[in-house]
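What follows is a short report on a single structure.
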Amino acid sequence: MSHTTMDADELAQLVDHTLLKPEATSAQVAALAEEATQLGTYSICVSPSMLPLALPAGSSVKIATVCGFPSGAHTSEAKASEAAQAVASGAHEVDMVINLGAVKAGSWAYVEGDIAAVRGAAPSPIVLKVIIESAALTDEEIVSACQAAESAGADFVKTSTGFHPAGGASVHAVALMARTVGDRLGVKASGGVRTASDALAMVAAGATRLGLSGTAAVLAGLDGLDTAELLGGGGRSDGETPAGPGDVKVSDGAY
Numbered sequence: 001m002s003h004t005t006m007d008a009d010e011l012a013q014l015v016d017h018t019l020l021k022p023e024a025t026s027a028q029v030a031a032l033a034e035e036a037t038q039l040g041t042y043s044i045c046v047s048p049s050m051l052p053l054a055l056p057a058g059s060s061v062k063i064a065t066v067c068g069f070p071s072g073a074h075t076s077e078a079k080a081s082e083a084a085q086a087v088a089s090g091a092h093e094v095d096m097v098i099n100l101g102a103v104k105a106g107s108w109a110y111v112e113g114d115i116a117a118v119r120g121a122a123p124s125p126i127v128l129k130v131i132i133e134s135a136a137l138t139d140e141e142i143v144s145a146c147q148a149a150e151s152a153g154a155d156f157v158k159t160s161t162g163f164h165p166a167g168g169a170s171v172h173a174v175a176l177m178a179r180t181v182g183d184r185l186g187v188k189a190s191g192g193v194r195t196a197s198d199a200l201a202m203v204a205a206g207a208t209r210l211g212l213s214g215t216a217a218v219l220a221g222l223d224g225l226d227t228a229e230l231l232g233g234g235g236r237s238d239g240e241t242p243a244g245p246g247d248v249k250v251s252d253g254a255y
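What follows is the structure, given as structure tokens:
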């Protein structure tokens, strides 16, 4: 879906409001759920150990969690078990991390089988997103990773965990992912998307979901922006990342 303008309510509906810091407490997760409900975000994304999770009364916010996070180096069986437990605990969406070693080795049958194992454990209507860690990949690897995710039955491809030293989302990667599978799968930009301009640049490039930890600040930052200009390509130049490797820290929960 393309956008010509966007207000805070519309942008919020693209957001997975996220808290994945390893030191996050249950009280902080409860506050996240409350804030997500107030802001009107599409979902919250939390660590699987925080499930099951009670949402505020009347909340329509979905619950997402992660699988094989953040390295992706877990066995397929471990990922499938983690996903199945998450679904049993009330997750509506699962964001799994691709096996980067297999991607780098060109072992695409393994990559696809790994994703398919999680898809089998979290069948539709559970939404499955595949984190490809785009900043660590070549363009050719990004394309092949997206194709493997599609072949294995995923619903979304996602740029980043936000915890990899290579960095987070870039306009270039999002645009490439959207060109590859965007007419059939969703595209989620995450990792280092910290301002309203960042968020709009990702949407303009083809993102249909955003992983944000500082959602309130991003939404507030829309005030005074010419969203039509930014969504029309007036934002970042293609290929420039909103955050470099030094800006993505495990301690800030960037997602």
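For the sequence shown, the UniProt record's numbering gives the first residue as 1, with consecutive numbering after it.
The beta carbon of each residue, even a glycine, is placed where N, CA and C say it ideally should be.
Taking the beta strand (DSSP E) that H17 belongs to, which residues open and close that run?
By 1-based counting over the sequence shown, the position of residue 17 is 17. Element bounds for H17: 15-19.
What three-state label does DSSP hand D7 in the structure shown?
Counting from one through the sequence shown, the residue named residue 7 turns up at place 7. Coil, per DSSP.
Where G234 falls: helix, strand or coil (DSSP)
Numbered from its first residue, the sequence shown carries residue 234 at position 234. Interpretation of G234 is limited by its pLDDT of 40, a score under 50 that renders its predicted location unreliable; the figure taken from the coordinates is listed afterwards. Reduced to three states, the DSSP call for G234 is helix.
With a cut-off of 8 Å on the beta carbons, I'd call I126 and V87 a contact; round off their distance for me.
Translated into positions along the sequence shown, residue 126 becomes position 126. Translated into positions along the sequence shown, residue 87 becomes position 87. Correct: roughly 6 Å between the Cβ atoms.
Hey, could you find the ends of the alpha helix (DSSP H) M177 is sitting in?
On the sequence shown, residue 177 is found 177 positions in, with the first residue counted as 1. M177 -> alpha helix (DSSP H) spans 171-181.
Is it the case that the segment 163-177 contacts the segment 195-210, given that we only count it when at least three CB pairs across the two stretches are under 8 Å?
The segment 195-210, when compared against the segment 163-177, does touch it at the 8 Å Cβ threshold.
7 Å Cβ shell around G234 - same chain, five flanking residues per side excluded:
Against the sequence shown, residue 234 aligns to sequence position 234. The predicted position of G234 is uncertain, since its pLDDT is 40 and thus under 50; no value can be drawn from it.
If you measure between the beta carbons of A83 and V94, is that distance less than 8 Å?
Translated into the one-based positions of the sequence shown, residue 83 becomes position 83. Translated into the one-based positions of the sequence shown, residue 94 becomes position 94. Result yes, Cβ atoms of A83 and V94 sit closer than 8 Å.
In terms of alpha-carbon separation, which member of Q85, E133, C146, W108 lies closest to P123?
Numbered from 1 along the sequence shown, position 123 holds the residue referred to as residue 123. Minimum Cα distance to P123 is reached at Q85.
Would you call D223 buried or exposed, if buried means 16 or more other Cβ atoms sit within 10 Å of its Cβ?
For the purposes of this step, residue 223 is taken as the residue at position 223 of the sequence shown. With fewer than 16 other Cβ atoms within 10 Å, it is exposed.
Given A12, which residues of its chain have a CB within under 7 Å of its CB, disregarding the five upstream and five downstream residues?
Mapped onto the sequence shown, residue 12 falls at position 12. Closer than 7 Å at the Cβ level, and outside the excluded window around A12, lie L39, G40, T41, L219.
Give the single residue among G232, A117, L53 whose Cα lies nearest to the Cα of residue 256.
Residue 256 lies beyond the range of the chain shown here (1 to 255); nothing can be said about it.
Between G120, R179, F163, D183, which lies nearest to V193 when the distance is taken from Cα to Cα?
Mapped onto the sequence shown, residue 193 falls at position 193. Answer by Cα proximity: F163.
By the 10 Å Cβ neighbour count, where 16 or more other Cβ atoms means buried, how is E112 classified, buried or exposed?
Numbered from its first residue, the sequence shown carries residue 112 at position 112. Looking at its Cβ environment, which holds 16 or more other Cβ atoms inside 10 Å, E112 is buried.
Assuming the contact rule is C-beta atoms closer than 8 Å, T161 and G120 should be a hit. Round their C-beta distance to whole Å, please.
Against the sequence shown, residue 161 aligns to sequence position 161. Against the sequence shown, residue 120 aligns to sequence position 120. Going by Cβ atoms, the distance from T161 to G120 rounds to 23 Å, so no, they are not a contact pair.
Beta carbon of L20 nearer than 8 Å to that of V46
Stepping through the sequence shown from its first residue, residue 20 is reached at position 20. Stepping through the sequence shown from its first residue, residue 46 is reached at position 46. Yes, Cβ-Cβ distance for L20 and V46 is below 8 Å.
Thinking T159 and I132 are a contact (beta carbons under 8 Å), I'd like their distance in whole angstroms, please.
Residue 159 sits at position 159 when you count from the first residue of the sequence shown. Residue 132 sits at position 132 when you count from the first residue of the sequence shown. Right, the Cβ-Cβ distance comes to about 7 Å (below 8 Å), so this counts as a contact.
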